[in-house]
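Visitor: Got a structure here, written out as structure tokens. Questions coming.
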Ligand SMILES: Nc1ncnc2c1ncn2[C@@H]1O[C@H](COP(=O)(O)OP(=O)(O)O)[C@@H](O)[C@H]1O
Ligand SMILES: [Mg+2]
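Residue numbers (the working numbering), protein chains in the order written: chain Y, 4 to 252; chain W, 1034 to 1360.
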């Protein structure tokens, strides 16, 4: 296996008596899509939060690009190149689509404390933002107010903003949710190519997408990873079939 | 031209034209009234950066207004009595020069905003409102109990401070000074809102998580915005004190904070000229209704309630409607 870009070691997080993350170990390696599946409430979003920096674990560590980032804030991790998309879109809804993408470009560029020139006239920011909107197929909507976008378009915009960071790894929480068959298929194709740019840790409910995309799959149940393996391994795994795919083994 | 830009130009022209007309008609009181509008609008433009752009509901902006006022009062009173503020380790003398007073007011209120914002921005929502209010009250009680500069009675300045080449005692000339400052700050505020910093601060108001996820720390954005906001309101405080040739603890009172906020909300939160419209309507109501009834605040209250319930964009929002900028 190639070198791990992102690795989670022995991570634990409890909410009272509930163990939402229970000694989780996980690697994301160059060029791969690592899918994280599991039933509702298994702790997938909680795990993503801890990886991205939005929530501190009780114990264990997160390493990114060989560096222990467990104590780093979300912005610091983003600056290192960790891009995240949300299960529930987190966008500046009153801003235009282009402005949201430019915000990402601005964060990546790092020169935030500029008070005079118009952001909209910053060639470098515009260029990056437009390119990424084009890549996700939102170029036509650049001038639209973000709150006017359809649900699916908002998901696309989330991905575009993540792209503007030129990240070293993506962490995506259910990007296909609510996209519909056609949208899912399009995003599946897009993500399939994207893994060459940076590996993707993909939380997803859409099993067709997961089986089509994943190089590896980890199964999370009650905060524990009960299996990690290839698509074929996971399909065949008796515990997985019982616990998650809801079949009698 | 966008409809809002047209309204802004009309407002700017109106605020200039009215006192010029009053000058021709020899109505100095109306010039003074216009000067009040310009100065209070300036205070509101300051708050609007925190409130409109940053979403920071500060009920403590009187602190900056008052610091600006006292910067003027203290410097001018020392100049008046020829007693330096400080002799060692180095000499600091008072001054009657407006530009120096403005600079001191801006720096002092900026430092206060750095301190107040630095602490209160660690909280949010209603806690932030209460902490900023508490800081404002601290300054209020401090100014009351500080006898060196008049304590409760405040501090009078006999002659208005000077500006090179102008006669500041002439109402129209003093108005023009305030007006030019207001326009300059509006120009700056407009640039600020569209700058990369403005883009980020505005996004942090809408969704802090979004901003963090692209590698920007909302706290730094907000603190910077809060400091800029406080500096502008501080400058307005210095002008206000000069207009009245008097400073008193009431500049620090929570009612002052409330009034500055009313200008912004009345005129339209986050609208560039919102505070100008708000301050103009406020002063007009105070002048007209105040003459009819002592309880004119009731009408103001009804108006505010109506705006908050039915016209969130305030006066400017209602007139200009909702438009997305297509960049
Ligand atoms: N902030 C929180 N406080 C308390 N319980 C939480 C919190 N966040 C998540 N949980 C609980 O942790 C469990 C895992 O949630 P989550 O990570 O959202 O699951 P998933 O994304 O796999 O559906 C759920 O039982 C949820 O109710
Ligand atoms: Mg989830």
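C-beta: ideal position from N, C-alpha, C; glycine also.
1. I want to verify the contact list: residues of chain Y whose CB lies under 7 Å from the CB of residue 1249(W), in sequence order.
2. Beta-carbon of residue 1233(W) versus every beta-carbon of chain Y: anything under 8 Å?
3. Does the beta-carbon of residue 237(Y) have 16 or more other beta-carbons within 10 angstroms, so that it is buried, or is it exposed?
4. Could you list which residues in chain W have their beta carbon closer than 7 Å to that of residue 82(Y), in chain order?
5. Of the choices 1301(W), 1309(W), 1319(W) and 1328(W), whose alpha-carbon is the least far from that of residue 1339(W)?
6. Please report how far the alpha carbon of residue 194(Y) lies from the alpha carbon of residue 206(Y), in whole angstroms.
7. Run through the DSSP bridge pairs and tell me what residue 86(Y) is partnered with.
8. Taking all protein chains shown into account, do 16 or more other C-beta atoms lie within 10 angstroms of the C-beta of residue 1191(W), making it buried, or fewer, making it exposed?
9. For a quick check, are the C-beta atoms of residue 1109(W) and residue 1194(W) less than 8 Å apart?
10. Say whether chain Y places a C-beta atom closer than 8 Å to the C-beta of residue 1360(W).
11. Given that residue 168(Y) touches chain W, what residues does it touch there, using C-beta distances under 9 Å?
12. For a contact meaning CB atoms closer than 9 Å, what does residue 87(Y) contact in chain W?
13. Going along chain Y, which residues have a C-beta under 7 Å from residue 1240(W)?
14. If we call anything under 8 Å between Cβ atoms a contact, is residue 1366(W) one with residue 1086(W)?
15. Here's the rule I'm using: 16 or more other beta-carbon atoms within 10 Å means buried, otherwise exposed. How should residue 89(Y) be labelled?
16. Along the alpha helix (DSSP H) that carries residue 33(Y), what are the first and last residues, could you check?
17. When burial is assigned at 16 or more other CB atoms within 10 Å of the CB, is residue 1158(W) buried or exposed?
18. Give me the chain W residues within the contact set of residue 119(Y), using Cβ-Cβ distance strictly less than 7 Å, ordered along the chain.
19. Applying a beta-carbon distance threshold of less than 8 Å, which residues of chain W neighbour residue 107(Y)?
20. Give the interface partners of residue 1351(W) over in chain Y, defined as CB-CB distance under 9 Å, in chain order.
21. Can you find a C-beta in chain W that's less than 8 Å from the C-beta of residue 74(Y)?
22. Run the Cβ filter for me: residues under 7 Å from any heavy atom of ligand 2, listed in the order they occur in the chain.
23. Any heavy atom of ligand 1 closer than 7 Å to the CB of residue 21(Y)?
24. Would you decide whether residue 1129(W) is buried or exposed? Buried here means 16 or more other CB atoms lie within 10 Å of its CB.
25. In chain W, what lies closer than 9 Å to residue 164(Y) by C-beta?
26. Shortest alpha-carbon distance to residue 69(Y) belongs to which of 80(Y), 61(Y), 59(Y) and 76(Y)?
27. Would residue 218(Y) count as contacting chain W if we go by Cβ distances under 8 Å?
Guide: Looking at the coordinates:
1. As a first step, residue 1249(W) is located in the second chain; it is residue number 216 there, counting from the start. Here the neighbours are 78, 110 and 115.
2. As a working note, residue 1233(W) is residue 200 in the second chain. Yes, its Cβ sits closer than 8 Å to a Cβ of chain Y.
3. The residue given as residue 237(Y) occupies position 234 in the first chain. With 16 or more Cβ atoms within 10 Å of its Cβ, residue 237(Y) is classed as buried.
4. In the first chain, residue 82(Y) corresponds to position 79, counting from 1. Correct list: 1248.
5. Within the second chain, the letter at position 306 stands for residue 1339(W). With distances taken between Cα atoms, residue 1339(W) lies closest to 1301(W).
6. Position 191 of the first chain, counted from the start, is the residue given in the question as residue 194(Y). Position 203 of the first chain, counted from the start, is the residue given in the question as residue 206(Y). Straight-line Cα distance between these residues: approximately 13 Å.
7. Numbered from its first residue, the first chain carries residue 86(Y) at position 83. Answer by DSSP bridge pairing, in chain order: 173(Y).
8. Reading the second chain from its first residue, position 158 is the one you call residue 1191(W). The residue in question, residue 1191(W), is exposed, as its Cβ has fewer than 16 Cβ neighbours within 10 Å.
9. Within the second chain, numbered from 1, the residue matching residue 1109(W) stands at position 76. Within the second chain, numbered from 1, the residue matching residue 1194(W) stands at position 161. Cβ distance < 8 Å, so residue 1109(W) and residue 1194(W) count as in contact.
10. Locating residue 1360(W) in the second chain gives position 327, where the first residue counts as 1. Bear in mind that the predicted position of residue 1360(W) carries a pLDDT of just 44, short of 50, making it too unreliable to give a figure here.
11. Here residue 168(Y) refers to the residue found at position 165 of the first chain. Simply 1246, 1247 and 1248.
12. Within the first chain, numbered from 1, the residue matching residue 87(Y) stands at position 84. Simply 1246.
13. Start at 1 with the first residue of the second chain, and residue 1240(W) comes out as number 207. Correct list: 93, 94 and 95.
14. Because chain W spans 1034 through 1360 in this model, residue 1366(W) falls outside it and cannot be assessed.
15. Residue 89(Y) sits at position 86 when you count from the first residue of the first chain. Buried is the call here.
16. Counted from its first residue, the first chain places residue 33(Y) at position 30. It is not in any alpha helix (DSSP H) - residue 33(Y) carries neither H nor E in the DSSP assignment.
17. For the purposes of this step, residue 1158(W) is taken as the residue at position 125 of the second chain. That one is exposed.
18. As a working mapping, residue 119(Y) is identified with position 116 in the first chain. Under the 7 Å cutoff, chain W gives 1224 and 1228.
19. By one-based count along the first chain, residue 107(Y) stands at place 104. Simply 1247.
20. Your numbering for residue 1351(W) matches position 318 in the second chain. Simply none; closest approach about 18 Å.
21. Counting from 1 along the first chain, the entry for residue 74(Y) is found at position 71. It does not; no Cβ of chain W falls within 8 Å.
22. 47(Y), 48(Y), 90(Y), 176(Y), 177(Y) and 206(Y)
23. As a working mapping, residue 21(Y) is identified with position 18 in the first chain. Checking the Cβ of residue 21(Y) against ligand 1 gives yes.
24. Sequence index remark: in the second chain, residue 1129(W) carries index 96 (1-based). Residue 1129(W) is buried by the Cβ-count criterion.
25. For the purposes of this step, residue 164(Y) is identified with residue 161 of the first chain, where counting begins at 1. Here the neighbours are 1243, 1246 and 1247.
26. Translated into the one-based positions of the first chain, residue 69(Y) becomes position 66. Ranking 80(Y), 61(Y), 59(Y) and 76(Y) by Cα distance to residue 69(Y) puts 80(Y) first.
27. Along the first chain, read from residue 1 onward, the residue named residue 218(Y) stands at position 215. No - not a single Cβ of chain W is within 8 Å of the one on residue 218(Y).
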